[in-house]
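Undergrad:
Residue numbers (the numbering used here), protein chains in the order written: chain A, 1 to 215; chain B, 216 to 473.
(1) Taking only beta-carbon atoms, is residue 120 of chain A less than 9 Å away from chain B?
(2) Measuring straight from C-alpha to C-alpha, what distance separates residue 125 of chain A and residue 404 of chain B?
(3) On the premise that residue 273 of chain B lies in contact with residue 289 of chain B, defined as a C-beta separation below 8 Å, what is that separation, rounded to the nearest angstrom?
(4) Where does residue 357 of chain B sit, in a helix, a strand or coil, going by DSSP?
(5) Express the C-alpha separation of residue 400 of chain B and residue 323 of chain B in angstroms, rounding to a whole number.
(6) Return the chain-ordered list of same chain residues with a C-beta closer than 7 Å to the C-beta of residue 116 of chain A, the five sequence neighbours on each side being excluded.
(7) Quick one: what's got a C-beta closer than 6 Å to residue 158 of chain A's C-beta in the same chain, skipping five residues either side?
(8) If you follow the beta strand (DSSP E) that residue 392 of chain B is part of, which residue opens it and which one closes it?
(9) Given residue 172 of chain A, which residues of its chain have a CB within under 7 Å of its CB, disregarding the five upstream and five downstream residues?
(10) Just tell me which of A:90, A:211 and A:13 has its CA closest to the CA of residue 73 of chain A.
(11) Can the beta-carbon of residue 239 of chain B be found closer than 9 Å to that of residue 252 of chain B?
(12) Report yes if the C-beta distance between residue 181 of chain A and residue 93 of chain A is below 9 Å; otherwise report no.
(13) Using beta carbons (cut-off 9 Å, strictly below), is residue 322 of chain B in contact with chain A?
(14) Which residues, taken in chain order from the stretch 121-147 of chain A, show a beta carbon closer than 7 Å to some beta carbon of chain B?
(15) Looking at chain B, is there any beta carbon in it that lies within less than 9 Å of the beta carbon of residue 208 of chain A?
(16) So who's on the other strand from residue 271 of chain B, going by DSSP bridges?
(17) Please list, in chain order, all residues of the same chain as residue 378 of chain B whose beta carbon is under 7 Å from its beta carbon, the five residues on each side excluded.
(18) Residue 170 of chain A CB to nearest chain B CB: under 9 Å?
(19) Let me check understanding here. Comparing Cα to Cα, which of A:207, A:174 and A:199 lies closest to residue 10 of chain A?
(20) Look at residue 326 of chain B and residue 385 of chain B and say whether their C-beta atoms are less than 9 Å apart.
(21) Nearest-angstrom Cα distance between residue 176 of chain A and residue 66 of chain A?
(22) Check the Cβ-Cβ distances between residue 312 of chain B and every residue of chain A, and say whether any is below 9 Å.
(23) Nearest-angstrom Cα distance between residue 389 of chain B and residue 255 of chain B?
(24) Within 10 angstroms of the Cβ of residue 432 of chain B, are there 16 or more other Cβ atoms? Answer buried if so, exposed if not.
(25) Under a Cβ-count criterion, where at least 16 other Cβ atoms within 10 Å of its own Cβ denotes burial, should residue 166 of chain A be classed as buried or exposed?
(26) May I have the straight-line CA-CA distance separating residue 243 of chain B from residue 119 of chain A, to the nearest angstrom?
(27) Relative to the alpha-carbon of residue 241 of chain B, which residue among B:426, B:310 and B:284 has its alpha-carbon at the smallest distance?
(28) In whole angstroms, what separates the C-alpha of residue 195 of chain A from that of residue 61 of chain A?
(29) May I ask you to list, following chain order, the residues of the stretch 275-305 of chain B that have a beta carbon less than 7 Å from some beta carbon of chain A?
(30) Helix or strand or just coil, what does DSSP make of residue 284 of chain B?
(31) From the DSSP secondary-structure annotation, give me the bridge partner or partners of residue 436 of chain B.
(32) For residue 398 of chain B, which three-state DSSP category applies?
(33) Step through the CB atoms of chain A and report whether any lies within less than 9 Å of the CB of residue 231 of chain B.
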């Protein structure tokens with residue numbers, strides 16, 4: 001109990017770190033995921049290939065390996081001088097975008113083909129068809145899997161702690177290294193994650209209900 | 216048919232609005248369209264009939280390139296169908312299409328369904344688009360349903376909204392792909408009446424249908440298809456009273472007495 005009260009600033013900072021990292025990488029994953037899903041259903045073969053390659057690469061690589069790549073390969077080849085937080089954001093965002101993409105694509109596939117045909121037959125471009133007709137109708141089916149994906153992302157962000165990014169899981173390491181009772185630290189850290197994941201599932205349940213009414 | 220190709224370059228308006236030349240298409244091993252030649256004149260109503268699987272729906276869908284073809288040429292108003300992209304989208308806006316399963320946008324109200332193409336494709340002003348949409352909905356007799364969602368309408372009403380949605384784009388030609396086949400019998404006439412009126416107003420129409428009454432009364436020409444080929448083309452009276460081909464005789468004998 002005392003561990004929490006005595007180190008409230010550390011816990012608070014870690015908690016906020018996890019929330020921010022989850023939010024930022026979730027946003028990045030969402031944007032990338034929808035775009036890549038668009039690529040995967042597009043009529044342009046190179047885009048489809050790119051989308052498939054993206055998903056294959058990021059869905060099948062262990063996240064820890066992506067972190068290692070972000071830390072030791074990306075700075076050398078692509079962008080030197082990235083701070084750890086940005087590197088963690090990229091690794092988490094890219095990794096999660098592959099899962100978001102597949103969830104969105106499964107949603108797209110539930111929209112009857114006739115909807116897209118009707119949109120194209122009144123002269124909409126592929127992009128308009130996707131944005132105005134298909135994606136809005138796919139949203140409802142995509143929300144439940146997205147909820148799971150973002151909860152997974154929250155917990156995956158713990159890996160960033162091991163790479164010395166300030167976040168909740170890192171607090172555990174910091175304090176147990178100092179010799180405090182491990183059980184209590186674990187409990188508080190776990191509760192911190194629970195608060196975030198419960199919030200996410202609550203928000204998504206709300207969204208789901210709202211969508212249900214809208215139609 | 217050769218005259219058409221000559222005329223195409225010089226005076227597209229004079230001859231065919233929709234011209235199909237030597238069109239072929241396969242679905243795997245199935246040769247669904249075999250050497251199709253068809254010219255549809257401006258203001259003409261062409262009804263395509265034939266047994267199921269004869270390729271008539273596919274033929275209809277190739278005209279706005281919802282189905283691609285393997286070989287041959289299709290041109291609309293003198294311009295060949297472009298590849299998938301912006302230009303094709305522009306051309307599709309000029310070709311109205313009505314589907315068997317209506318395909319109204321399920322997440323939009325009836326009014327929005329009819330406005331969407333005008334606003335997003337034609338870049339029309341919202342207010343003008345709404346006025347036009349309401350006028351069209353009145354014209355097809357569903358003006359009072361404007362604020363409902365498609366799922367709240369009967370099949371016949373949905374199909375009339377779909378016709379209004381296509382008309383909102385001021386199409387040069389309207390394609391009807393079995394527009395009444397998914398309807399309950401008592402709703403078929405309300406849709407046919409709208410189509411009948413459209414034909415009288417001089418709209419160029421290609422209608423794939425099983426409604427022989429409509430073919431008889433509204434068509435300028437009946438095209439009979441079987442096994443991926445156009446077997447016979449004739450004026451409706453001539454086709455129904457005195458079909459030339461055995462295939463057509465057989466088809467008519469089956470549908471006219473049952």
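C-beta atoms are modelled at their ideal positions from N, C-alpha and C, and glycine is treated no differently.
TA: Looking at the coordinates:
(1) For the purposes of this step, residue 120 of chain A is taken as residue 120 along the first chain, with counting starting at 1. Yes - at least one Cβ of chain B is within 9 Å of the one on residue 120 of chain A.
(2) Counting from 1 along the first chain, the entry for residue 125 of chain A is found at position 125. Counting from 1 along the second chain, the entry for residue 404 of chain B is found at position 189. When only Cα atoms are considered, residue 125 of chain A and residue 404 of chain B end up about 34 Å apart.
(3) Locating residue 289 of chain B in the second chain gives position 74, counting from the first residue. Locating residue 273 of chain B in the second chain gives position 58, counting from the first residue. 13 Å between Cβ atoms; not a contact.
(4) Indexing the second chain from 1 puts residue 357 of chain B at position 142. In the structure shown, residue 357 of chain B sits in coil (DSSP, three-state: anything other than H, G, I, E or B).
(5) Locating residue 323 of chain B in the second chain gives position 108, where the first residue counts as 1. Locating residue 400 of chain B in the second chain gives position 185, where the first residue counts as 1. The straight-line gap from Cα to Cα measures roughly 27 Å.
(6) In the first chain, residue 116 of chain A corresponds to position 116, counting from 1. Counting only residues of its own chain and dropping the five nearest sequence neighbours on each side, residue 116 of chain A has a CB closer than 7 Å to the CB of 129, 133 and 134.
(7) Here residue 158 of chain A corresponds to residue number 158 of the first chain, with the count starting at 1. Within the same chain, 169 come within 6 Å of residue 158 of chain A by CB-CB distance, once the 5 residues on both sides are set aside.
(8) One-based indexing of the second chain puts residue 392 of chain B at position 177. Its beta strand (DSSP E) spans residues 388-392.
(9) Reading the first chain from its first residue, position 172 is the one you call residue 172 of chain A. In its chain, beyond the 5 residues on either side, 185, 186 and 189 have a beta carbon closer than 7 Å to the beta carbon of residue 172 of chain A.
(10) Locating residue 73 of chain A in the first chain gives position 73, where the first residue counts as 1. Here the closest residue by C-alpha is A:90.
(11) In the second chain, residue 239 of chain B corresponds to position 24, counting from 1. In the second chain, residue 252 of chain B corresponds to position 37, counting from 1. Result no, Cβ atoms of residue 239 of chain B and residue 252 of chain B do not sit closer than 9 Å.
(12) For this step, residue 181 of chain A is matched to residue 181 along the first chain. For this step, residue 93 of chain A is matched to residue 93 along the first chain. Not in contact: residue 181 of chain A and residue 93 of chain A (Cβ atoms no closer than 9 Å).
(13) Mapped onto the second chain, residue 322 of chain B falls at position 107. Chain A, which has a Cβ nearer than 9 Å to the Cβ of residue 322 of chain B, makes this yes.
(14) Using a CB distance below 7 Å, the part of the stretch 121-147 of chain A facing chain B consists of 121, 122, 123, 124, 125, 128, 132, 133, 136 and 137, ordered along the chain.
(15) Position 208 of the first chain, counted from the first residue, corresponds to residue 208 of chain A. For residue 208 of chain A, the answer is no, since every Cβ of chain B falls outside 9 Å of its Cβ.
(16) Position 56 of the second chain, counted from the first residue, corresponds to residue 271 of chain B. In DSSP, residue 271 of chain B forms no bridge with anything.
(17) Residue mapping note: residue 378 of chain B aligns to position 163 of the second chain, counting from 1. Cβ neighbours of residue 378 of chain B beyond the five flanking positions: 313, 355 and 409.
(18) Residue numbering aside, residue 170 of chain A sits at position 170 when the first chain is read from its first letter. Residue 170 of chain A does not count as touching chain B.
(19) Indexing the first chain from 1 puts residue 10 of chain A at position 10. That would be A:174, whose Cα lies nearest to the Cα of residue 10 of chain A.
(20) Within the second chain, numbered from 1, the residue matching residue 326 of chain B stands at position 111. Within the second chain, numbered from 1, the residue matching residue 385 of chain B stands at position 170. Going by C-beta atoms, residue 326 of chain B is not nearer than 9 Å to residue 385 of chain B.
(21) Along the first chain, read from residue 1 onward, the residue named residue 176 of chain A stands at position 176. Along the first chain, read from residue 1 onward, the residue named residue 66 of chain A stands at position 66. Cα to Cα, residue 176 of chain A sits roughly 26 Å from residue 66 of chain A.
(22) By one-based count along the second chain, residue 312 of chain B stands at place 97. With 9 Å as the cut-off, residue 312 of chain B counts as an interface residue toward chain A.
(23) As a working mapping, residue 389 of chain B is identified with position 174 in the second chain. As a working mapping, residue 255 of chain B is identified with position 40 in the second chain. If you take the alpha carbons of residue 389 of chain B and residue 255 of chain B, they lie about 11 Å apart.
(24) Residue 432 of chain B sits at position 217 when you count from the first residue of the second chain. With fewer than 16 other Cβ atoms within 10 Å, it is exposed.
(25) As a first step, residue 166 of chain A is located in the first chain; it is residue number 166 there, counting from the start. Burial state of residue 166 of chain A is buried, judged by a 10 Å Cβ sphere holding 16 or more other Cβ atoms.
(26) Residue numbering aside, residue 243 of chain B sits at position 28 when the second chain is read from its first letter. Residue numbering aside, residue 119 of chain A sits at position 119 when the first chain is read from its first letter. So the alpha carbons of these two residues sit roughly 27 Å apart.
(27) Counting from one through the second chain, the residue named residue 241 of chain B turns up at place 26. Ranked by how close their Cα comes to the Cα of residue 241 of chain B, the residues B:426, B:310 and B:284 have B:284 in first place.
(28) Against the first chain, residue 195 of chain A aligns to sequence position 195. Against the first chain, residue 61 of chain A aligns to sequence position 61. Answer to the nearest angstrom: the Cα atoms are 28 Å apart.
(29) For the stretch 275-305 of chain B, the set of positions with a beta-carbon nearer than 7 Å to some beta-carbon of chain A reads 279, 281, 299, 301, 304 and 305 in chain order.
(30) Position 69 of the second chain, counting from 1, holds the residue named residue 284 of chain B. In this structure, residue 284 of chain B counts as coil in the three-state DSSP scheme.
(31) In the second chain, residue 436 of chain B corresponds to position 221, counting from 1. BP columns for residue 436 of chain B point to B:261.
(32) What you label residue 398 of chain B is simply residue 183 of the second chain in a count that begins at 1. Correct three-state label for residue 398 of chain B: coil.
(33) Taking the second chain and counting its residues from 1, the one referred to as residue 231 of chain B is at position 16. Taking Cβ atoms only, chain A never reaches closer than 9 Å to residue 231 of chain B, which makes this a no.
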